[in-house]
Amino acid sequence: MSFEAFLIQTGVNGLILGALYLLMAVGFTLVFGSLRVVNFAHGEFYMLGGFAAYFTTVTMGLPAIASIPLAFLFVAVLGLFCERAVFRPFRGDELNGMIASIGLALILQNGALMLFGPMPLAMPPFAEGLTRFGSIVIPTSRLLAIVISAAVLAIFYVVMMHTRVGRAVRAMVQDAEVASTFGIHPGLVYPLGFALGVGLAAVAGAVMAPLFSVSPFTGHTPLLKAFLVVVLGGLGSIPGAAIASLAVGLIESYTATFYGSLAADGLILLLAVIMLVMRPNGLLGRAMRVG
Amino acid sequence: MTAILEVSDLTMRFGGLTALDSLSFKVNDHETVGLIGPNGAGKTTAFNVISGVLAPTSGTVHYRGSAITGLPTHRIVRHGVVRTFQSTSVFAKASVLDNIVCGGFVNWETGFVSNLFNGAKTRATQAAARDRAMELIRLAGIEELAHSAAGELSYGHQKRLGLLVALAASPSLLLLDEPAAGLNAEESEELAEFIRSVKQQLQIAVLLVEHHIEMITSLCDRLIVLEYGRKIADGPVAEVRQDPRVVDAYLGVDDDDDA
Amino acid sequence: MKKNLAALVLGASLLTAAHAQAEDVLKLGAPFPLSGPGAAWGTAVLNGVKLAAKDVNEAGGLKVGDTTYKIEVVAYDDKYSASEEVTVVNRLLSVEGVKFFTGPIPSAGLLAVQPMLKKADAVAITLAFTSKAIGPDYPGIFRVSITSHEMAQPQVNWLIKNVGVKKVVGLFENDETGHAMEADTATAYKKAGATYSSEFFERGTVDFVSLLTRVLFKDIDAIELSGMSPTTSGLIIKQARELGFTGKIVRTGGPATQEIVHVAGKEAAEGIVVHAPINPYDEQMAAFIARYEGEYGAGMNGFAPFFYDGTRMMLKAMQDAGTVEDPIAVRDAMAALSEYEGVLGKVSWVGEETYGINRQISVPFYIAEIRDGKEKVVATCNVIVCE
Amino acid sequence: MSELQQTNPVPATAKWKIPQEFLTAKSATYCALFLPLAALPLLIDSSFVYHIAILVCLNAIITSGLGVIVRVDQLSLAHGAFAGIGAYASALAVIKLGVPFLLSLVLAALAAGVAAVLLGRLVLGLKGVYFVLATFAFNELFRMIMLLLPEISGGTNGLSNIPAAEIAGLEISSKPGFYIFIALALAATLLVVWMILRSPIGRAFDAISGNLPLAQASGIPPRRYQILAFTSGSVIAGVGGGIMAAYVGFISPESFTFWFSVNTIIMLIVGGRYSIMGPVLGALLLTPLPEVLRSTGQLQQIIYGVCLIAILRFMPGGVSGLIDRFAELMSGRK
């Protein structure tokens with residue numbers, strides 16, 4: 001493999017990584033946007049999405065493609081319940097809301113540990129083998145994962161732009177007070193926004209479950225990656241998350257390939273801290289309304 | 001009558017909107033100046049720039065000769081320029097006495113070490129601060145409220161407490177942000193009386209942003225009128241009230257003077 | 001109300017400890033990784049120890065001097081983390097009052113608790129790969145598995161000769177075990193004349209595309225997985241095949257065949273050459289595997305029999321020493337055991353020249369190839385050569 | 001951030017230090033509660049109870065550091081990292097430089113303090129959620145840096161056999177010895193925190209968290225006092241880390257992860273973030289839980305999570321809030 005092909009291959013790996021991180025991050029930024037809550041349990045909903053996909057395909061024997069909508073549905077309903085039980089009392093109180101989400105993360109992770117046990121579970125991949133584009137190789141299972149993510153994001157875009165629910169959630173993301181003057185009832189939109197956000201995290205979990213394995217511990221890395229993408233892209237900004245996730249994917253792929261994954265993670269974390277300090281609103285985020 | 005506050009060519013732009021357009025004015029020692037004008041004229045913006053909440057786009061603010069443009073609020077307080085807040089703003093969970101003691105923070109800031117070990121110096125400055133606070137409480141006639149929590153006071157009392165907290169910082173120029181807001185005629189007259197007596201006893205200058213004509217006429221020596229961020233009048237109260245441009249600015253509201 | 005709640009909580013746990021003492025029970029401490037990447041090994045060796053305890057209990061308990069003891073295995077999850085290991089061993093020593101340990105097995109975890117075990121003169125069996133695991137200043141620690149130090153050279157020589165491996169890259173986890181294995185494996189390949197280089201990655205990584213892209217760029221003909229944790233090696237094999245790597249994959253480290261087939265699938269695992277600590281077709285071993293799988297389900301990991309024999313030897317040493325109170329006597333009795341008839345065949349201790357003390361188990365080991373998801377033994381080895 | 005106080009229903013415990021006579025009723029209650037408890041381990045004299053008591057004191061010290069930070073309305077998710085910085089500084093000083101134990105704790109405090117000032121100056125301008133996110137990133141960054149410097153930190157293997165603590169040559173690694181040392185260390189920490197909070201510095205802290213704009217209008221420089229609170233809290237965590245290294249004898253980057261900071265937050269909130277004794281109560285109630293529920297580790301974590309949410313929702317003042325109210329009733333006030 002020539003050096004140019006190697007560079008392009010690393011770039012392609014980076015884009016694939018970016019697309020996967022986007023799916024993880026868009027739910028996180030939606031929850032923050034609509035609920036003004038940094039959800040530390042986001043990784044746990046990703047993990048539960050993975051388990052939902054495992055049970056639909058392996059235990060219930062349904063086709064792999066069916067696991068995506070079912071994972072979304074199962075976790076979205078769980079999300080509705082969690083929003084009602086945990087987040088509603090802290091609406092408008094971001095700090096306590098965040099601490100509550102840490103408590104929720106503990107409950108969900110250890111609940112899964114008790115139910116499913118610690119052993120990583122492997123799943124049959126969406127597809128076997130690989131696809132070649134000239135000298136560039138893309139594992140077919142990852143290519144399919146990207147196609148599915150693209151489809152899910154397209155559906156999500158349509159829902160947000162062209163349905164009543166979508167417009168209501170988007171209005172709430174823009175400015176909660178103004179939105180409520182237009183008769184958008186926060187009591188309805190907050191749980192929907194949260195359920196939509198964690199449902200997306202579950203889809204990311206379901207898409208990535210066959211690539212890696214599923215276990216109660218798989219939630220922490222996606223939470224960290226979603227957090228980095230959202231901080232760089234701007235809290236509450238979905239286009240910002242899109243740009244930032246591709247950037248993080250590329251930076252991580254090149255740095256990891258040349259200097260090792262630890263250096264890559266360290267570099268991106270450093271970028272996040274610098275962005276937080278220099279531009280707390282990130283690339284395209286809205287200014288946090290101060291006081 | 002030496003000028004203590006000098007504002008020159010103060011301009012403030014928020015994106016496309018020009019809130020202040022090269023505004024200049026002075027406030028002399030022991031003088032009470034009213035800053036008035038219709039809504040959106042830039043009164044509060046000017047007030048926030050002088051008190052350090054906003055840094056101006058251009059122009060300067062000098063106090064007693066030294067530049068205080070763009071300094072953070074807590075540094076401007078040290079120069080003697082102290083502000084109050086339009087809505088009541090108190091330390092809700094602390095007692096009235098503790099509120100005023102904290103208001104005088106600039107006076108009792110002693111060394112870190114002596115603070116930590118409650119050294120003699122700290123105990124002395126704290127005692128002095130408490131005495132000064134009791135003095136102000138007696139001045140305002142609310143001795144019986146000294147130990148109740150500030151959050152539980154009536155609206156009028158909280159307004160008065162806000163004033164005392166500002167006075168505790170021993171200002172030479174007091175910036176009052178709509179003191180009469182939310183008060184009925186009788187309460188605002190009472191407050192005006194209190195401000196007049198305090199100004200008399202403590203020999204301080206006052207810059208007042210206000211809508212209530214009665215409060216302005218009863219307190220101010222001089223008026224500065226703003227419209228769309230520009231100064232359209234600056235002079236003694238009687239003279240300014242006749243000035244046609246001021247009358248137009250208030251949309252031809254003729255001066256019925258019977259309030 | 002607050003005070004008695006706290007007292008109640010403390011009192012309750014004291015009660016449980018006291019109750020166990022009354023009925024002549026001998027406790028074996030079992031700190032193993034029961035969750036996280038090392039769980040496959042942890043559960044396997046724990047089952048090995050439990051099976052040994054079960055056999056002894058069913059044969060009427062352990063007769064030492066004039067008392068018979070019922071063996072109780074006290075297992076805790078060290079989550080394959082060194083700091084958790086310290087907490088768990090601390091609890092076993094101070095609360096359960098245990099003097100005889102099976103485990104800890106991760107190298108980092110063992111190093112962290114060696115001083116504690118030494119202060120309590122505890123006797124422990126381990127399979128930690130690090131060369132610092134056993135030594136004259138930790139006489140109570142016995143290693144019941146063979147490490148890359150013993151098995152790397154013979155296996156690599158055989159691979160170079162019979163499988164025609166020339167350009168190799170070795171992948172290792174970035175921890176004590178990984179570094180220990182890397183040292184032995186690198187010397188073995190270089191001595192055998194292969195062009196060799198190593199790569200490290202963080203334990204718990206699941207996405208190896210970046211690492212494998214760099215490795216494949218070096219155009220090599222074989223990847224060495226050495227002794228990394230089982231699930232991780234399954235992921236690497238699957239992702240390497242998915243990136244178009246058609247070369248040989250070998251694993252000269254600990255057993256992981258079940259997990260490799262389970263995670264990477266039969267097809268990707270086909271033809272992989274692995275180290276096999278046991279020969280499943282040896283009839284004594286086959287009987288043990290049948291009993292183990294009857295008790296704990298299919299897919300026995302190769303380390304289990306090592307801990308079965310290790311536990312039986314420790315219990316035998318207690319009988320020889322005639323005491324359970326004096327761990328030093330038991331330790332010496334255990335060291336004195338030689339040609340012990342175990343499931344693994346004749347077992348004795350070596351290691352005087354390399355480690356300065358005879359605490360390293362010496363048993364035959366094998367090389368196998370995965371065919372249709374099963375291990376097929378292709379060579380038998382000892383510390384010098386494999387045929 | 002300052003509107004935080006207004007939104008959740010805080011009980012009438014005046015966070016503000018009310019003059020002397022009220023203090024004695026409350027402190028009397030706490031002394032009646034804690035002095036016998038402190039003596040309990042010495043009476044029972046079992047190594048397990050010492051082990052638990054030492055962990056309770058250790059958690060109480062580190063959590064009371066977080067209590068100082070929360071005093072200015074800033075929540076730090078980097079408390080684990082500062083405990084780690086202290087632990088490594090102290091352990092390396094003892095191992096590599098042969099520094100005596102107490103001096104190594106001073107070095108731990110210095111290291112944590114310098115790091116806190118640097119981070120504080122960098123991020124304290126951020127408001128609410130952004131500040132917490134920055135500390136979350138810092139904690140992950142600390143672990144990353146430690147893994148990238150194996151020569152210093154020992155990488156994933158960490159630093160093992162850290163010499164046992166000794167003071168003036170007298171080794172105190174025996175359980176009773178160490179317990180007495182750490183109990184005194186806890187008492188010293190609470191004394192320092194009490195001195196800070198009842199001094200003018202504490203008044204400034206309460207003013208900043210009570211009403212930031214008014215505090216500024218009274219001449220209080222917010223950044224300086226926020227950094228002061230953040231640094232003193234982190235220094236306490238650093239010292240706690242140093243003591244932990246000596247007791248456990250082993251530290252690794254995995255000992256100071258995000259979940260270490262989470263446990264500290266839970267103990268502070270359950271115990272009560274508005275009172276100096278809150279962290280001690282939180283540590284006392286939650287530390288024995290993992291030891292008692294040892295076998296079902298997951299159940300313990302779930303109980304942690306449920307406690308956190310329940311206390312946040314129904315008892316923002318935490319357990320010490322209850323005791324304060326009980327003390328108020330006792331003193332006939334209310």
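In order, the protein sequences belong to chains E, R, X and G.
Residue numbers for the first sequence follow full-length UniProt numbering, beginning at 1 and rising by one.
Residue numbers for the second sequence follow full-length UniProt numbering, beginning at 1 and rising by one.
Residue numbers for the third sequence follow full-length UniProt numbering, beginning at 1 and rising by one.
Residue numbers for the fourth sequence follow full-length UniProt numbering, beginning at 1 and rising by one.
Just so it is clear, CB atoms sit at the ideal spot from N, CA and C, and this is done for glycine as well.
Query: Using a beta-carbon distance below 8 Å, is Ala82/X in contact with chain G?; Result: yes
Query: Using a Cβ-Cβ cut-off of 8 Å, state whether Asn47/X counts as contacting chain G.; Result: no
Query: When you compare the CB of His179/X with every CB in chain E, is at least one pair closer than 8 Å?; Result: no
Query: Within 10 Å of its beta-carbon, does Gln155/X have 16 or more other beta-carbons around it, so buried, or fewer, so exposed?; Result: buried
Query: How many Å lie between Gly48/X and Tyr355/X at the Cα?; Result: 26 Å
Query: Mind checking which residues open and close the beta strand (DSSP E) that includes His62/R?; Result: 58–63
Query: Have a look at Ala256/E and Gly247/X and give me their C-alpha separation to the nearest angstrom.; Result: 23 Å
Query: Give every residue of the same chain whose Cβ lies closer than 6 Å to the Cβ of Gly342/X, excluding the five residues on either side of it in the sequence, and list them in chain order.; Result: Asp309
Query: Going by other Cβ atoms of all chains shown within 10 Å of its Cβ, with 16 needed for buried, is Cys381/X buried or exposed?; Result: buried
Query: What does Asn48/R reach in chain G if we use C-beta pairs closer than 8 Å?; Result: Those do not exist, as Asn48/R stays about 11 Å from chain G at its closest Cβ, beyond 8 Å.
Query: What are the residues that DSSP puts in a beta bridge with Ile71/X?; Result: Leu26/X
Query: For my contact list, Leu57/E and Pro139/E are in at a C-beta cut-off of 8 Å; report their separation, rounded to the angstrom.; Result: Strictly speaking, residue 57/E in this sequence is Thr, with Leu absent from that position. At roughly 18 Å, the Cβ-Cβ gap does not stay under 8 Å, so Thr57/E and Pro139/E are not in contact.
Query: Using beta carbons (cut-off 8 Å, strictly below), is Ser94/X in contact with chain G?; Result: yes
Query: Beta-carbon of Leu153/E versus every beta-carbon of chain X: anything under 8 Å?; Result: no
Query: Report the three-state DSSP secondary structure of Tyr130/G (helix, strand or coil).; Result: helix
Query: Measure from the C-beta of Gly103/R to each C-beta in chain G and report whether the shortest distance is under 8 Å.; Result: yes
Query: Compare the beta carbon distance of Glu44/E and Ala105/E with 8 Å and say whether it is the shorter of the two.; Result: yes
Query: Can you tell me which residues form a DSSP beta bridge with Leu299/G?; Result: Paired residues: none, contrary to the question.
Query: For Tyr50/G, tell me which candidate among Glu140/G, Ile95/G, Ser174/G has the shortest Cα-Cα distance.; Result: Ser174/G
Query: Please list, in chain order, the residues of the stretch 146–164 of chain G that have any C-beta partner in chain X closer than 8 Å.; Result: Leu147, Gly155, Thr156, Asn157, Gly158, Ser160, Asn161
Query: Pull up the distance between the alpha-carbon of Phe245/X and that of Leu216/X, whole angstroms please.; Result: 7 Å
Query: Please name the residues in the stretch 194–227 of chain X whose beta-carbon is closer than 9 Å to at least one beta-carbon of chain G, in chain order.; Result: Glu202, Arg203
Query: Alpha carbon to alpha carbon, how far is Phe85/R from Tyr179/G? Give it in angstroms, no decimals.; Result: 53 Å
Query: Applying the criterion that 16 or more other CB atoms from any shown protein chain within 10 Å of the CB defines a buried residue, is Phe182/E buried or exposed?; Result: exposed
Query: Quick one: which chain E residues come within Cβ less than 8 Å of Ile265/G?; Result: Ile99, Ile102
Query: Just to confirm my understanding: we take Asp29/R, look at its own chain, exclude 5 residues before and 5 after, and list those with CB closer than 7 Å. What are they?; Result: Met1, Thr2, Ile4, Ala205
Query: Is Pro72/R helix, strand or coil by DSSP?; Result: coil
Query: For the candidate residues Val168/X, Phe208/X, Pro327/X, whose alpha-carbon lies nearest to that of Ala124/X?; Result: Pro327/X
Query: Determine which residues of the stretch 31–45 of chain X have a Cβ less than 7 Å from any Cβ of chain E, and write them out in chain order.; Result: Leu34, Ser35, Gly36, Ala39
Query: Beta carbon of Gly254/X, beta carbon of Gly227/X: below 8 Å?; Result: yes
Query: In three-state terms, what does DSSP make of Thr10/E?; Result: helix
Query: Would you say Ala201/E faces chain X, with C-beta separation under 8 Å as the test?; Result: no
Query: Expressed to the nearest angstrom, what Euclidean distance is found between the alpha-carbon atoms of Ile303/G and Ala149/R?; Result: 37 Å
Query: Counting only Cβ pairs nearer than 8 Å, list the residues of chain E close to Thr257/X.; Result: Neighbours of Thr257/X on chain E: none; closest Cβ ~14 Å, over 8 Å.
Query: Comparing alpha-carbon positions, which option in Ala164/G, Glu171/G, Arg143/G lies nearest Gly158/G?; Result: Arg143/G
Query: Return helix, strand or coil for Phe14/R, following the three-state DSSP convention.; Result: strand
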